[in-house]
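Everything on this sheet refers to the single structure shown next.
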Amino acid sequence: MNRRPMFLVCVLVFGFAFFYIPILSMMVYSFNASRLATVWGGFSVKWYISLFSNEQIVAAFWLSLKIAFISATFATILGTMAAIALVRFPKFRGRTLFSGLVNAPLIMPEVITGISALIFFILLAKLVGWPAQRGFATITLAHITFSMVFVTTIVQSRLQQSDRAIEEAAMDLGAKPWQVLWDITLPVISPAILSGWLLAFTISLDDVVITSFTTGPGNTTLPLLIWSKVKLGVTPDVNALATITVLVVGLGVIVAGIVMGRADRRRELDAQMAYRDNK
Amino acid sequence: MIGWFHRRGWSDIIIALPYLWLVVLFLIPFAIVVGISLSTRTVTAPPIGFGGDNPWVSLSSYARLFQDDLYLRAFFTSITNAFVAMILCLAIGYPMALGLTRVSRNWRNILLMLVILPFWTSFLLRVYAWMGLMSKNSWFNEMLRDSWNFLVPVNWAVTFVPMMYSNFAVVLVMVYTYLPFMILPLFASLERLDPVLDEAAFDLGSRPWQVFVDITLPQSIPGIIAGGLLVFIPAAGELVIPSLVGDTRAPMIGRVISDTFSSARDWPMAAAVAVVLLLLMVVPMMVYSHYQAKGGAR
Amino acid sequence: MEPFLRIEGVSKFFGQFQAVKDVSLTIAKGEIFSLLGGSGCGKTTLLRMLAGFETPSAGRIFLDGEDLADVPAYARPIHMMFQSYALFPHMTVAKNISYGLKYENMTPAQRKDRLREMLDLVQLTPYADRKPHQISGGQRQRVALARALARQPKLLLLDEPLAALDKKLREHTQFELMSIQARTGVTFIVVTHDQEEAMTLSDRIAVMDKGSVQQIGSPTAIYEYPNSRFVAGFIGSITTFAATVAALNGDQVRLHVADFGAEITARAIENLNVGQEVVLALRPEKLHISHDCTLEGNVIAGQVKDLAYFGKDSLYRIVLPSGALVSAHMVNASRGSGTRADWDDNVFLSFDPASAIVLPA
Numbered sequence: 159m160n161r162r163p164m165f166l167v168c169v170l171v172f173g174f175a176f177f178y179i180p181i182l183s184m185m186v187y188s189f190n191a192s193r194l195a196t197v198w199g200g201f202s203v204k205w206y207i208s209l210f211s212n213e214q215i216v217a218a219f220w221l222s223l224k225i226a227f228i229s230a231t232f233a234t235i236l237g238t239m240a241a242i243a244l245v246r247f248p249k250f251r252g253r254t255l256f257s258g259l260v261n262a263p264l265i266m267p268e269v270i271t272g273i274s275a276l277i278f279f280i281l282l283a284k285l286v287g288w289p290a291q292r293g294f295a296t297i298t299l300a301h302i303t304f305s306m307v308f309v310t311t312i313v314q315s316r317l318q319q320s321d322r323a324i325e326e327a328a329m330d331l332g333a334k335p336w337q338v339l340w341d342i343t344l345p346v347i348s349p350a351i352l353s354g355w356l357l358a359f360t361i362s363l364d365d366v367v368i369t370s371f372t373t374g375p376g377n378t379t380l381p382l383l384i385w386s387k388v389k390l391g392v393t394p395d396v397n398a399l400a401t402i403t404v405l406v407v408g409l410g411v412i413v414a415g416i417v418m419g420r421a422d423r424r425r426e427l428d429a430q431m432a433y434r435d436n437k
Numbered sequence: 034m035i036g037w038f039h040r041r042g043w044s045d046i047i048i049a050l051p052y053l054w055l056v057v058l059f060l061i062p063f064a065i066v067v068g069i070s071l072s073t074r075t076v077t078a079p080p081i082g083f084g085g086d087n088p089w090v091s092l093s094s095y096a097r098l099f100q101d102d103l104y105l106r107a108f109f110t111s112i113t114n115a116f117v118a119m120i121l122c123l124a125i126g127y128p129m130a131l132g133l134t135r136v137s138r139n140w141r142n143i144l145l146m147l148v149i150l151p152f153w154t155s156f157l158l159r160v161y162a163w164m165g166l167m168s169k170n171s172w173f174n175e176m177l178r179d180s181w182n183f184l185v186p187v188n189w190a191v192t193f194v195p196m197m198y199s200n201f202a203v204v205l206v207m208v209y210t211y212l213p214f215m216i217l218p219l220f221a222s223l224e225r226l227d228p229v230l231d232e233a234a235f236d237l238g239s240r241p242w243q244v245f246v247d248i249t250l251p252q253s254i255p256g257i258i259a260g261g262l263l264v265f266i267p268a269a270g271e272l273v274i275p276s277l278v279g280d281t282r283a284p285m286i287g288r289v290i291s292d293t294f295s296s297a298r299d300w301p302m303a304a305a306v307a308v309v310l311l312l313l314m315v316v317p318m319m320v321y322s323h324y325q326a327k328g329g330a331r
Numbered sequence: 038m039e040p041f042l043r044i045e046g047v048s049k050f051f052g053q054f055q056a057v058k059d060v061s062l063t064i065a066k067g068e069i070f071s072l073l074g075g076s077g078c079g080k081t082t083l084l085r086m087l088a089g090f091e092t093p094s095a096g097r098i099f100l101d102g103e104d105l106a107d108v109p110a111y112a113r114p115i116h117m118m119f120q121s122y123a124l125f126p127h128m129t130v131a132k133n134i135s136y137g138l139k140y141e142n143m144t145p146a147q148r149k150d151r152l153r154e155m156l157d158l159v160q161l162t163p164y165a166d167r168k169p170h171q172i173s174g175g176q177r178q179r180v181a182l183a184r185a186l187a188r189q190p191k192l193l194l195l196d197e198p199l200a201a202l203d204k205k206l207r208e209h210t211q212f213e214l215m216s217i218q219a220r221t222g223v224t225f226i227v228v229t230h231d232q233e234e235a236m237t238l239s240d241r242i243a244v245m246d247k248g249s250v251q252q253i254g255s256p257t258a259i260y261e262y263p264n265s266r267f268v269a270g271f272i273g274s275i276t277t278f279a280a281t282v283a284a285l286n287g288d289q290v291r292l293h294v295a296d297f298g299a300e301i302t303a304r305a306i307e308n309l310n311v312g313q314e315v316v317l318a319l320r321p322e323k324l325h326i327s328h329d330c331t332l333e334g335n336v337i338a339g340q341v342k343d344l345a346y347f348g349k350d351s352l353y354r355i356v357l358p359s360g361a362l363v364s365a366h367m368v369n370a371s372r373g374s375g376t377r378a379d380w381d382d383n384v385f386l387s388f389d390p391a392s393a394i395v396l397p398a
């Protein structure tokens, strides 16, 4: 019986061509000598040079990185707490509202999240005098808020899968509640926490809409800078930036894939050994 | 049962911190937006009026929303664009996901990584990549133009294919950027299916396409719904894509909210449109959770 | 006369690995035929080739005189009951059973009649509207059976039909399968790794090992007259000893067994020569244990090393002077332990010459 019809193979080939032709085209044109970004004018690396000598871009990049790092870290802490609360506490007052609050940002269009954050900060400044200026702090607060729920979603599903009995076993062996959390629960969900952090980091690094509403003068993140450049049309140095991004991310994903694949195999092996020893 | 959290202090902190955070930075801001949608526009800063000369609760923004062609058309454009993008994603993504379940394990991992990879690169840059391809003088546009001119009579010939700044461009780029959101849940639900069920259906006399219709398709409905929502919901509220490649004369609702708020400084109107948009999003969400609840009962 | 099913020199390669090696079989109409063997013996591959999920690398299969080579799975009058049952989880019991009729040229009334008949056959009429996850394992097994029978196949393939059931249910279901087979008259081919299942269900059994058929015969023939060490060991338990042919005497043979330090008499097999090395196999239940040293015939002295008391019977492990171990089964026919052998007792084992199995070395 044919489980791999030609049709499916064709669609796969077409689909991946659709995914990668635009990206490859962009990468090729980043080496274009012509100023017209869409007309080939010979090979050149001048856009890479102009990219790295552009202080505005370099500054925007560092700002984005800083915001992404801080907001991902806080989002991970808060998001993990929320996940633990939702999975391990079957009952507490206001639980329904809480789970609603955790899910709502996932379906909230970014424009609405952005505008409500902006209005909130404007009114807050009027009421208590803070934030006097929107910028680093307000962007970070907004990013934490909308990326923490993604962390919650990831950690929550991992927690639901994890075997409750091992926590009970640790308690049975005399571990105190916080020791169980530290010794058992967190290590078990650590891969999910790590991928939650990575997701929060990329979401923050990538965000345009919410940042554009919560930013203030002098605080231009990299996506905002690209946004303003791209609005005016296709520019060659953005091609160069895109190429670097794709290469760095591609390399990162490959390395992460190999490392995680190895860790997965290792874990699988460990689990198998434990199982066999139990028999 | 008693967990490691049985001590009061622990559970309180773990619940209260994220709870408070979301209430202050998500719920209250959104409640303010709902409040503003019921206020009156003024020339003060901030440009909203409550009480005093203005009524405490005014539905005028909502009334205007349903009378003004601009808003209704924007809603219509958004929903159609998002719907068409969703259907196209399904049409491309379903066979791709099915194909992914049929390749060898090693290939599957590599291809899955290739599906996810664009997702980790910048969203903005993925939109930008298509701007490059669709623009007048690109190799892609020239290729399309040449094949068009080759196929049609001479008097229909064009100097370039007009793709940019149209709903076509918006849908195309949305399909491109959201396709992974369709493929991944579909793959997850198709991968779980037992190939023995296909064999059983073959054995009972069904042709390959009948097996697909009778066995594979019905069992992948949860994946179709999840993928469809993951595409439809962000697509309907999309701001970046229509701003960059969309038709300015037929804006999508995200653009309208942003412009009404920032350029026109009509906060109550922007807030009212936002509230209606969110209500529209709740409908498909309820369909989804209904399905999930049904699945959970199994 | 042309046999109902003829498998002719069928082989199957997966890459370099040969899963099925030159298998030839014939099966008569209305038979229950078992393919018995351990995992990886090729029995499932053979079954999948009959169903049409795999194509033979060599050889041909004829059903009722028709070559099946070019008949796709969906067009074969052969249906299968899968090991996992493969019930469609999104369809009710009734939909599952009538699925095979969906693309048949039948009127709705005929379909309904057939469904009713099938539900009746497996006694599931009250469960027609349930989904597979709402019924018990035994009921699921019956749905799978009814679904496979609904299209009135010429041949029904059953892949480990009882493996997923618990022990109590298994016995009951065995008899039910046999009675359904008798009522429908459909030819059954059962794949199983469970020798007891094969013995009770089948008219004939093919024992398979490493891709080839080792022996074909009725359950009795296979159990009492195995033709190889593998078959003897796979079905029931045996203790084997190396032996040399000392003398031939008509249908009996005198064997010298080093472990016994004596000669014994056994039923001869074909092509034996004096001085030939052979294997003597003894089944535990064919041995008799007693304290009596005056027995005649095949008698071996030994000491009870171990015994396991099961209630209705006991299993002994007897150590011989040479150090070799023999298993022996005793039915506990009378109450009280006065006459029974106990730990460390010196005992005598005796057996009938006709019960001793001689196998080629």
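Protein chains in written order, with this note's numbering: chain A, 159 to 437; chain B, 34 to 331; chain C, 38 to 398. All C-beta atoms, glycine included, are put in the ideal place defined by N, C-alpha and C. Here the structure is a predicted model, which is why all the values come from computation and not from measurement.
If we call anything under 8 Å between Cβ atoms a contact, is residue i one with residue j?
i, j, result
"B/A118", "B/M197", "no"
"A/S305", "A/S229", "yes"
"A/I280", "B/P301", "no"
"C/I259", "C/I275", "no"
"A/A414", "A/V309", "no"
"C/M367", "C/S392", "no"
"B/I65", "B/R74", "no"
"C/P169", "C/P126", "yes"
"A/M184", "B/A202", "no"
"B/L158", "A/A400", "yes"
"C/L292", "C/T277", "no"
"B/L133", "B/F220", "yes"
"B/L166", "B/L223", "no"
"C/L404", "C/H116", "No information on residue 404 of chain C is available, as it lies outside the stretch 38 to 398 that chain C covers here."
"C/V315", "C/I355", "no"
"A/A137", "A/I368", "The shown model of chain A, from 159 to 437, leaves out residue 137 of chain A, and the question about it has no answer."
So is residue i buried or exposed if we call it buried at 16+ other beta carbons inside 10 Å?
i, result
"B/A233", "buried"
"B/S253", "buried"
"C/S422", "The structure shown does not extend to residue 422 of chain C, since chain C is modelled only from 38 to 398, so the question has no answer here."
"B/A304", "buried"
"A/I416", "exposed"
"C/L195", "buried"
"B/M319", "exposed"
"B/A124", "exposed"
"A/D321", "exposed"
Using the C-alpha atoms, what's the distance from residue j back to residue i?
i, j, result
"B/F38", "A/A333", "In this prediction, B/F38 scores a pLDDT of 48, lower than 50, which makes its location untrustworthy; the coordinate-derived value is nonetheless stated afterwards. The alpha-carbon atoms of B/F38 and A/A333 are separated by roughly 12 Å."
"A/I324", "A/I242", "16 Å"
"A/E268", "A/G287", "26 Å"
"B/P47", "B/V56", "Looking at the sequence provided, one finds Ile at residue 47 of chain B rather than Pro. Each residue's Cα considered, the two are about 15 Å apart."
"A/T379", "A/T303", "18 Å"
Where DSSP assigns a beta bridge to residue i, which residues make up the other side?
i, result
"C/F70", "C/I226 and C/R241"
"C/Q289", "C/N286 and C/R304"
"C/A95", "C/S48"
"C/A345", "C/L352"
Would you mind reading off the limits of the alpha helix (DSSP H) that contains residue i?
i, result
"C/G46", "Where C/G46 is concerned, there is no enclosing alpha helix (DSSP H), although the beta strand (DSSP E) it sits in stretches over L42 to F51."
"C/D166", "Segment: none, C/D166 is in no alpha helix (DSSP H) and carries neither H nor E."
"A/S257", "R253 to I265"
How would you write the range of the beta strand (DSSP E) that residue i sits in, first residue to last?
i, result
"C/L192", "L192 to D196"
"C/G102", "From DSSP, C/G102 is part of no beta strand (DSSP E); its letter is neither H nor E."
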